[in-house]
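J.: In order, the protein sequence lines correspond to chains A and B. Oh and the first sequence: position 32 is 163 in our numbering, straight run, nothing missing. Oh and the second sequence: position 120 is 465 in our numbering, straight run, nothing missing. Positions of the beta carbon are idealized from the N, C-alpha and C atoms, including for glycine. Sharing a structure here in structure tokens format.
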Amino acid sequence: MASAQSYLDQLFFGVLPYLALIIFFLVTIQRYRSQAFTYSSLSSQFLENQRHFWGLVPLHYGILVVVMGHVVAFMFPRQLLAWNGHPIRLYILEISALIFGLLTLLGLLSTLVRRFAFSKVRTVTSLADILLYVLLLVQVISGVYVAVMHSWGSSWFAASASPYLWSIITLDPDISYVIAMPFAVKLHIVNACLVIGFFPFTRLVHILVIPNPYLWRRPQVVRWNKAPGLRR
Amino acid sequence: MREPLSVAKVPRRSYWMKWCAAGFMILFLAMPRGAAGQETAAFYKQNCYSCHTIGGGRLVGPDLKNVTTRQDRDWLARFMLNPQAMIDRGDPYAKQILEESRGVVMSQVAGLTRERANALLDLIEAESALEKSQFEGVKFSDRPFTSQDVERGERLFKGVESLKNGGPSCISCHTVRGLGLLGGGRLGVDLTKVSERVGGRKPLSAWLVSPATTTMQPVFKENAMEAEEILSLVAFFEDAAKQVGDDDSVAPLTFFLMGLGGMVLVLGAFDIIWKNRFRAVRRPLVAGGQMGTRV
């Protein structure tokens, strides 16, 4: 039993992350090379725009802040632990993170209800969309559960998950950091790998093609095509 | 009729093969490696030292001097590999060890194999034959705790004072009674009665030298706590055990409700920020708006 568990730990935390990353990079590049115009969020705002706002906005602002929090904890674990060095700062960070986690959950549930409640939107829903909803729901629910029931994630992520992720990136995986974590934390990690691996097959690819070049492209000269007197 | 061979497809296939080969090479290189090369003594120090001495008396677990004369090696190896299973099976000697350890079950040791268990038993045998083993145990100051020790321990627990060697503060994963508001972390156990649970000052101090649980060990193996820090923390834990206030078991609910309240506020802010948001095209036109006159 112990060896079966150990085998599963190796598989889920030592091998799965690499499989997910390999699929992510290979398929993302290949899809962009062969089907660049499928890189889209496939927005359904055109089909229904009354309920759209309350799904879209909480989901996107929620997920952006939460993912950014994970990235900061991964990149700057010591600085994060220093910030959390006073309980009141720790509590402020944790409550803020939970607010955005709950916004993500609410936004996701709202888009889910909208997608299946409106026939026009339901019609353009693919199998990949449904699978993606399942993966994202598991990810967000497990994330919120971990935040509440296994606090304080911002600190122990910096102490345990960050070194684990660095060990993955540096091709020297040290799964000892995560094998003793509670089930919900393990589920969150494994499901994150599944989301990364499934990413290039879904509409999530739109994340890679938001108009990033706007940030660094040369200023464009905008010319008016009307006589000055006619401008309003 | 056979279709003509598509010349254009050949390089694409080789391109895919190249990518797949590179991918699997990365996968092979990235396969987790065990701790096979680790020295037995270093392994003992990292995994056994915090709960056992060899000739230094009992800590959380029994003194291991001459353990191989008290029980046969096969039994010892089986116990080391899975202590909980031996207890669950009702083994009388395993139950006796559990009672003597005040109900603290030996945690399963990560990376322990049958071969390594035998090597550890060889090491314990050799060290038992010595007059003074290198694993006799760390000597701690036994001076009485002062209020300054308790205060410093609280600062270290909360993270207000950082641990010198970079380990995370206890509050990241643990709570104790009396922290107030949202309390401490809940990834690990409540430490209010930890001193009582492990058998007092000496075993707790020894345990903190190299925490041996599977969660704490990787975190503290490179960031061991210093003796003075351990003394202050133990003083704080002994003081926390005397606290009689309410426990903070409602803290997760309070935390969740605070998050929920904050979420409602942010949703209100979204509504205000985007109050002029785009709502429809056709409906205002039908309602007789004056839009659409410009080209």
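CB Ser395 (chain B) to CB Ala580 (chain B), shorter than 8 Å?
T.: Stepping through the second sequence from its first residue, residue 395 (chain B) is reached at position 50. Stepping through the second sequence from its first residue, residue 580 (chain B) is reached at position 235. The answer is no: Cβ separation not under 8 Å.
J.: For chain B, check one thing: does any of its Cβ atoms lie closer than 8 Å to the Cβ of Gly216 (chain A)?
T.: Counting from 1 along the first sequence, the entry for residue 216 (chain A) is found at position 85. Yes - at least one Cβ of chain B is within 8 Å of the one on Gly216 (chain A).
J.: Below 7 Å CB to CB, which residues in the same chain sit around Leu443 (chain B) once its five sequence neighbours on both sides are set aside?
T.: Residue numbering aside, residue 443 (chain B) sits at position 98 when the second sequence is read from its first letter. Excluding residues within five positions, the ones whose Cβ falls inside 7 Å are Ile432, Val450.
J.: Locate the alpha helix (DSSP H) running through Thr385 (chain B), then write down its first and last residues.
T.: Taking the second sequence and counting its residues from 1, the one referred to as residue 385 (chain B) is at position 40. Looking at the DSSP string, the run of the alpha helix (DSSP H) that includes Thr385 (chain B) is 385–392.
J.: Any idea what DSSP makes of Asp593 (chain B), helix, strand or coil?
T.: For the purposes of this step, residue 593 (chain B) is identified with residue 248 of the second sequence, where counting begins at 1. Asp593 (chain B) falls in the coil class under three-state DSSP.
J.: Spell out whether any CB of chain E is found under 8 Å from the CB atom of Asn180 (chain A).
T.: Although the question refers to chain E, the structure presented lacks it and instead comprises the protein chains A and B.
J.: Taking C-beta pairs closer than 9 Å, name the residues in chain B that Pro189 (chain A) reaches, listed in chain order.
T.: Here residue 189 (chain A) is taken as the residue at index 58 of the first sequence, counted from 1. Met608, Val611, Leu612, Phe615, listed in chain order.
J.: Along chain A, which residues have their Cβ under 7 Å away from the Cβ of Lys503 (chain B)?
T.: Walking along the second sequence from the start, residue 503 (chain B) turns up at place 158. In chain order: Pro218.
J.: Let me know if His281 (chain A) comes out buried or exposed under the rule of 16 or more other beta-carbons within 10 Å of its beta-carbon.
T.: To locate residue 281 (chain A), count along the first sequence from 1; it is residue 150. Buried: at least 16 other Cβ atoms inside 10 Å.
J.: If you follow the alpha helix (DSSP H) that Asp419 (chain B) is in, where does it begin and where does it stop?
T.: For the purposes of this step, residue 419 (chain B) is taken as residue 74 along the second sequence, with counting starting at 1. From DSSP, the alpha helix (DSSP H) with Asp419 (chain B) extends over 418–426.
J.: Just to check my reading of the structure: Leu475 (chain B) and Thr385 (chain B) have Cβ atoms closer than 8 Å, yes? What is that Cβ distance to the nearest angstrom?
T.: Looking up residue 475 (chain B) in the second sequence gives position 130. Looking up residue 385 (chain B) in the second sequence gives position 40. Not confirmed; about 15 Å, so no contact.
J.: In terms of residues, what are the limits of the alpha helix (DSSP H) holding Ile327 (chain A)?
T.: One-based indexing of the first sequence puts residue 327 (chain A) at position 196. Counting along the chain, the alpha helix (DSSP H) containing Ile327 (chain A) begins and ends at 314–329.
J.: From the beta carbon of Leu234 (chain A), is the nearest beta carbon of chain B less than 8 Å away?
T.: Locating residue 234 (chain A) in the first sequence gives position 103, counting from the first residue. Interface residue, yes.
J.: Mind pulling the chain B residues with CB within less than 8 Å of Trp287 (chain A)?
T.: Here residue 287 (chain A) refers to the residue found at position 156 when the first sequence is read from its first residue. The contacting residues are Pro513, Ser517, Cys518, Gly530, Leu532.
J.: Does the pairing of the stretch 624–634 of chain B with the stretch 298–307 of chain A give three or more beta-carbon distances under 8 Å?
T.: Not touching, per the Cβ criterion.
J.: I want to verify the contact list: residues of chain A whose CB lies under 8 Å from the CB of Phe600 (chain B), in sequence order.
T.: Walking along the second sequence from the start, residue 600 (chain B) turns up at place 255. The answer, in chain order, is Glu225, Ile226, Leu229, Val279, Ser282.
J.: Please classify Gln588 (chain B) as buried or exposed, where buried requires at least 16 neighbouring CB atoms within 10 angstroms.
T.: Stepping through the second sequence from its first residue, residue 588 (chain B) is reached at position 243. Result: exposed.
J.: DSSP state of Gly456 (chain B), grouped into three classes?
T.: Within the second sequence, residue 456 (chain B) is the residue found at index 111, counting from 1. Coil, per DSSP.
J.: In chain order, what residues of the same chain lie with their CB nearer than 8 Å to the CB of Val255 (chain A), ignoring the 5 residues before and after it?
T.: Locating residue 255 (chain A) in the first sequence gives position 124, where the first residue counts as 1. Excluding positions up to five away in sequence, the list reads Leu173, Ser175, Leu178.
J.: Would you report the Cα separation of Val146 (chain A) and Thr301 (chain A), rounded to the nearest angstrom?
T.: Residue 146 (chain A) sits at position 15 when you count from the first residue of the first sequence. Residue 301 (chain A) sits at position 170 when you count from the first residue of the first sequence. C-alpha separation (whole angstroms): 14 Å.
J.: In angstroms, rounded to a whole number, what distance separates the CA positions of Val196 (chain A) and Ala204 (chain A)?
T.: Along the first sequence, one-based indexing puts residue 196 (chain A) at 65. Along the first sequence, one-based indexing puts residue 204 (chain A) at 73. Going by the C-alpha atoms only, they are around 12 Å apart.
J.: When you compare only the Cα positions, how much space is there between Arg334 (chain A) and Gly232 (chain A)?
T.: Translated into the one-based positions of the first sequence, residue 334 (chain A) becomes position 203. Translated into the one-based positions of the first sequence, residue 232 (chain A) becomes position 101. Computed Cα separation, rounded: 21 Å.
J.: From this set, A:Arg349, A:Leu263, A:Val336, A:Trp297, which residue's C-alpha is nearest Ser171 (chain A)'s C-alpha?
T.: Locating residue 171 (chain A) in the first sequence gives position 40, counting from the first residue. That would be A:Val336, whose Cα lies nearest to the Cα of Ser171 (chain A).
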